[in-house]
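Report on the following structure.
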Amino acid sequence: MRPSPIEPHPSTPRVRTGAARPTAARGAIHPLAWALTATLVLAATVAGQTQAQVTPLDEAQALLQDEANTVSVVETYGPSVVSVTVEVQGQAVDPFAGLREQIPPQFRDFFSLPAPPNGSQLRQGSGSGFVVAGGRLITNYHVVRDALEDGGVTLREGARVRITFAGDDEGFDVRVVGANPDVDLALLELVDPAAAPPVAPIPLGDGAVRVGQKAIAIGNPFGLANTVTS
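What follows is the structure, given as structure tokens:
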């Protein structure tokens, strides 16, 4: 027995073409199929328009722009960052004294001072600083603390504080003119400001910093000159 052909619904209009249609294709397309097809076409059209309107991020170009900004900052203000060297006769200079208990125990050995050679009475420590204006510089208080008399900014007998600019082996003597242990800051002043190379002072921020902004650190940690971290 041959199966009877599927007859269209009486309310469904017939579609005629110039060629005869196969028996299997004579069935009517359900209205839901038309609605689904129209919906897919509309969605594809909207997606295409959305892709045309939104410019994709060029990650490689964005990275280059960020790197160019970092390089520009380093080239402008890097020369104003100095290495601070502290020399004290007769005692070790430990820039991490008082801060060591804040370092996790498993890392404290990395911050230990090397044993001084026998018979040596000169001890040295180092840190970083930067020029602010008029031959004056800012550094951390813990960098110069061991060179100062207790409770003041006068250098101990036999103590000396010097700075070295990037790319210049010549050192310059400085005096400590201000110190605030509570915020770990000290203000230095060149003994002979005219002898130092001319550099652009680094302006101090106004405090309007938002969480997540990029920060660039330029310094001389552990005697490593001209390091940059972003």
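For the sequence shown, the working numbering gives the first residue as -1, with consecutive numbering after it. Beta carbons: idealized from backbone N, C-alpha and C, even for Gly.
| query | Between VAL82, ARG134, THR225 and GLY205, which lies nearest to ILE214 when the distance is taken from Cα to Cα? | reply | THR225
| field | Same chain only: Cβ atoms within 8 Å of SER78, ignoring 5 sequence neighbours per side | value | PHE128, VAL129, VAL197, ALA198, PRO199 and ILE200
| query | Going by alpha carbons, who is nearest to SER124 out of VAL209, ARG154, VAL141 and THR74? | reply | VAL141
| Which residue from GLY217, ILE136 and ASP166 puts its Cα closest to that of LEU185? | ILE136
| message | Looking at the secondary structure, which residues open and close the beta strand (DSSP E) in which THR53 lies? | response | Counting along the chain, THR53 falls outside any beta strand (DSSP E), and DSSP gives it neither H nor E.
| What are the start and end residues of the beta strand (DSSP E) that includes ASN178? | 169 to 178
| query | Starting from THR87 and walking both ways along the beta strand (DSSP E), at which residues does that stretch end? | reply | The sequence shown places Gln at residue 87, not Thr. Per DSSP, GLN87 belongs to the beta strand (DSSP E) from 79 to 87.
| message | Can you check which of these residues, ALA145, ALA157, ALA192 and ASP56, is closest to ARG255 by C-alpha distance? | response | Coverage of the chain is limited to positions -1 through 228, which leaves residue 255 absent and any answer about it impossible.
| When PHE163, ARG158, VAL72 and GLN87 are compared against VAL172, the one with the closest alpha-carbon | ARG158
| said: I'd like the span of the beta strand (DSSP E) that includes ALA215, first residue to last. | reply: 215 to 217
| task | Can you give me the start and stop residues for the beta strand (DSSP E) that THR74 sits inside? | result | Here THR74 belongs to no beta strand (DSSP E); instead the alpha helix (DSSP H) covers 57 to 75.
| task | Note down, in chain order, each residue of its chain lying with its Cβ closer than 8 Å to the Cβ of GLN59, except the 5 sequence neighbours on either side. | result | none
| message | For VAL82, count the other beta carbons within 10 Å of its own beta carbon; 16 or more makes it buried, fewer makes it exposed. Which is it? | response | buried
| message | Mapping the DSSP letters down to three states, classify ARG208 as helix, strand or coil. | response | coil
| said: Let's test the definition: count the other Cβ atoms within 10 Å of the Cβ of LEU146 and tell me whether it reaches 16, buried, or not, exposed. | reply: buried
| query | When you compare each of ASP180, ALA223 and VAL174 to THR152 by their alpha carbons, which one comes out closest? | reply | VAL174
| field | Cutoff 6 Å; reference PHE163; Cβ partners in own chain excluding five residues on either side | value | VAL80 and PRO195
| said: One question on the structure: do VAL86 and ASP148 come within less than 7 Å of each other, judged by their Cβ atoms? | reply: no
| query | Just checking my contact of ASP182 with TYR139 at CB under 8 Å: how many whole Å lie between their CB atoms? | reply | 5 Å
| query | So, GLY217 versus SER126, is the Cβ gap smaller than 7 Å? | reply | yes
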